[in-house]
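This report refers to the structure that appears directly beneath it.
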Amino acid sequence: MEIERGQGPDPMVMKDLTDLEARVYEHIRANDFSSRPWITMNEARRLGITEEALYKALSELTKKIKDNVWIYYEAGHLHVVAD
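Those letters in the sequence shown? Residues 34 to 116, per our numbering, in order.
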């Protein structure tokens, strides 16, 4: 799936993110989870957090900056992309 990236979320919206949500968002932006699958266990380990904390942060990101985070399933794998 091809996701067209824009300029990212409004800076005012970014101020509403917790430190963890901002870290997760930047982690997603810095990695290519469009061409390679998202594996929550691995990404939680890389971020030094629990899988539950990562799922909660992802959930909040899809509410707070829903136009800038996409989660989709393709070819048997979960993918996560951030603009």
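Note that beta-carbon positions come from the ideal geometry of N, C-alpha and C, so glycine has one too.
Please classify residue i: does DSSP put it in a helix, a strand, or coil?
i	result
residue 61	helix
residue 95	helix
residue 69	coil
residue 89	helix
residue 52	helix
Are there 16 or more other CB atoms within 10 angstroms of the CB of residue i, so buried, or fewer, so exposed?
i	result
residue 111	exposed
residue 59	exposed
residue 54	buried
residue 115	buried
In the DSSP assignment, what are the bridge partners of residue i?
i	result
residue 105	112
Would you please state the rounded distance, in angstroms, between the beta carbons of residue i and residue j? I believe it to be under 8 angstroms.
i	j	result
residue 83	residue 77	6 angstroms
residue 97	residue 49	6 angstroms
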